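Peer 1: One structure coming up, written as structure tokens, with questions to follow.
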């Protein structure tokens, strides 16, 4: 059968949620199109192994164009090409963002997306091992748990930050984001709980859900102003997967705008330049935001994660679901303000009990650990544009990291906090020397260093934003039967890791589609 009620493009975090929720009705036929395949690789499920997935067959392995704000460097941009998408290759950190993010969305026209509007969907998704309270849910598909590694190098960061005067916070998704502590994770029994594990796997046996794996989406078919299907390439042949009700694009903040533009939906001048017939002139691909991080790394004699992959630790993971292989690497962190007077944080930290350098691609050959800031509420914005009208061509991506003076001041303030933390006894007792740190705490030295070694924290958003490309019900303006549901619809990047907000958006979108909001 080639006709469905709903056709979803992308089996990433949002697509898995939508496929599961929409197929709950046995009368509804759902097709899920995915360029990759099943999430069977063991490196997906062993938390500490996720960097081994970078630049593998399970990674789209994108690169930015030269970034003007970081001296023309290209940024490596891993994206999951597998069931679960980025939730199958990420660091599993469960962060929702701040109340100010969602209330800001609503205040700027994203009606129905204020914090009190979205909190029920966060809770609906969640099965938090700590139990239910005003901020957390139980019984949802997504297992949220405390980390089981508790590595002493991660604990040293938390202790040192408190020695520097920053408060402890045991729930960054509660009343207040500020402070330091270990992160809660999307893990179940010490293993990764991706959107595929949580949502898609239980739904795969439903006869009304069809998953088309290793299938590339080429364009959305729009006829008489309505999306009626998706042209795909499968097994070397072209076909059209038809949608009677809706096409839902959930391919992520880089690939969703690319697919829309290939379909004639985007900036008219850009499309015309590639000979693409303009279906709707919309600012698709504009407004890209991401989190830029600079990680300080130190040498130590304390055992780090480089020795985690032992037979003993593998047995411990398998038999008891604990030990160093359960580490998500970014085990701890915190939220800070760059200057007095900010009601919400603008700096986030991640701390790793292993050297994490060269954009996550560097091999750690000695014991070390790292921690550092990212620009949490960037003012810089970039764009995703077409590089070619060929569907297989990667898009052109420029984030404009650190282009604005505000973002530069923020990263400098964050690195100075990191240097302050590094000077505390809990860290100095363990450090045997610097591995990768700024030459000094001067603004010039910090900026030079941050531009040279910094990287994405893998949180691209806002390229099909509510109010610009889609309405508050995530329907593409002036195209019937077409929605976008993924991180590209965020009006701004939330203050935190973006997987939980993406799952929330898909939960709410499913309710909107079903008409139960």
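In the UniProt record's numbering, the protein residues as written are 1 to 517. We treat Cβ as the ideally placed atom computed from N, Cα and C, and that holds for glycine. Note that this is a predicted model, so its numbers are computed, not measured.
1) Would you call the region 421-441 and the region 294-306 touching, i.e. three or more CB-CB distances under 8 Å?
2) With C-beta atoms as the reference, is residue 357 less than 8 Å away from residue 306?
3) What number of angstroms, rounded off, separates the C-alpha of residue 378 from the C-alpha of residue 104?
4) Tell me the DSSP secondary structure of residue 46 in three-state form.
5) Give the range of the alpha helix (DSSP H) segment to which residue 65 is assigned.
6) Would you mind giving the Cβ-Cβ distance between residue 455 and residue 331, rounded to the nearest angstrom? I have them listed as a contact below 8 Å.
7) Within the same chain, show all residues whose beta-carbon is closer than 7 Å to that of residue 70, passing over the 5 residues directly before and after it, in chain order.
8) Could you compute how far the alpha carbon of residue 272 sits from the alpha carbon of residue 248?
9) Let's test the definition: count the other Cβ atoms within 10 Å of the Cβ of residue 215 and tell me whether it reaches 16, buried, or not, exposed.
10) With residue 13 as the anchor, note down where its beta strand (DSSP E) starts and where it stops.
11) Classify residue 145 as buried or exposed, calling it buried when 16 or more other Cβ atoms lie within 10 Å of its own Cβ.
12) List the residues that DSSP assigns as beta-bridge partners of residue 266.
13) Report yes or no: do the region 300-315 and the region 86-95 share at least 3 C-beta pairs separated by less than 8 Å?
14) Can you tell me whether residue 249 is helix, strand or coil according to DSSP?
15) Looking only at its chain, what residues have a beta carbon closer than 8 Å to the beta carbon of residue 534, apart from the 5 residues adjacent to it on each side?
16) Is the CB-CB distance between residue 4 and residue 35 below 8 Å?
17) Tell me whether residue 135 sits in a helix, a strand or coil according to DSSP, three-state version.
18) Which first and last residues belong to the beta strand (DSSP E) in which residue 116 is found?
19) What span of residues does the alpha helix (DSSP H) with residue 102 cover, start to end?
20) Taking the Cβ atom as the reference point for each residue, do residue 68 and residue 74 lie within a distance shorter than 8 Å?
Peer 2: Taking the definition as stated:
1) yes
2) In the chain shown, the residue the question calls residue 357 occupies position 357. In the chain shown, the residue the question calls residue 306 occupies position 306. No, the Cβ-Cβ distance between residue 357 and residue 306 is not below 8 Å.
3) Here residue 378 refers to the residue found at position 378 when the chain shown is read from its first residue. Here residue 104 refers to the residue found at position 104 when the chain shown is read from its first residue. Each residue's Cα considered, the two are about 14 Å apart.
4) As a working note, residue 46 is residue 46 in the chain shown. It is coil, neither helix nor strand.
5) Along the chain shown, read from residue 1 onward, the residue named residue 65 stands at position 65. First-last for residue 65: undefined, no H or E at that position.
6) What you label residue 455 is simply residue 455 of the chain shown in a count that begins at 1. What you label residue 331 is simply residue 331 of the chain shown in a count that begins at 1. Not quite, the Cβ-Cβ distance comes to about 18 Å (not below 8 Å), so this is no contact.
7) The residue you call residue 70 lines up with position 70 of the chain shown. Counting only Cβ-Cβ distances below 7 Å, and skipping sequence neighbours, we find 401, 402, 451 and 454.
8) Position 272 of the chain shown, counted from the first residue, corresponds to residue 272. Position 248 of the chain shown, counted from the first residue, corresponds to residue 248. The alpha-carbon atoms of residue 272 and residue 248 are separated by roughly 25 Å.
9) Here residue 215 refers to the residue found at position 215 when the chain shown is read from its first residue. Looking at its Cβ environment, which holds 16 or more other Cβ atoms inside 10 Å, residue 215 is buried.
10) The residue you call residue 13 lines up with position 13 of the chain shown. Where residue 13 is concerned, there is no enclosing beta strand (DSSP E), although the alpha helix (DSSP H) it sits in stretches over 13-22.
11) For the purposes of this step, residue 145 is identified with residue 145 of the chain shown, where counting begins at 1. Answer is buried; the Cβ neighbour count reaches 16.
12) On the chain shown, residue 266 is found 266 positions in, with the first residue counted as 1. Answer is 281, bridged to residue 266.
13) no
14) In the chain shown, the residue the question calls residue 249 occupies position 249. Three-state DSSP puts residue 249 in a strand.
15) Given a span of 1 to 517 for the chain in the structure shown, any question on residue 534 remains unanswerable.
16) Here residue 4 refers to the residue found at position 4 of the chain shown. Here residue 35 refers to the residue found at position 35 of the chain shown. Not closer than 8 Å, so no.
17) Here residue 135 corresponds to residue number 135 of the chain shown, with the count starting at 1. Three-state result, residue 135: coil.
18) In the chain shown, residue 116 corresponds to position 116, counting from 1. Looking at the DSSP string, residue 116 is not in any beta strand (DSSP E); the run it does join, the alpha helix (DSSP H), is 115-125.
19) Working through the chain shown from its first residue, we reach residue 102 at position 102. Residues 99-107.
20) Numbered from 1 along the chain shown, position 68 holds the residue referred to as residue 68. Numbered from 1 along the chain shown, position 74 holds the residue referred to as residue 74. Taking 8 Å as the Cβ cut-off, residue 68 and residue 74 do not qualify as a contacting pair.
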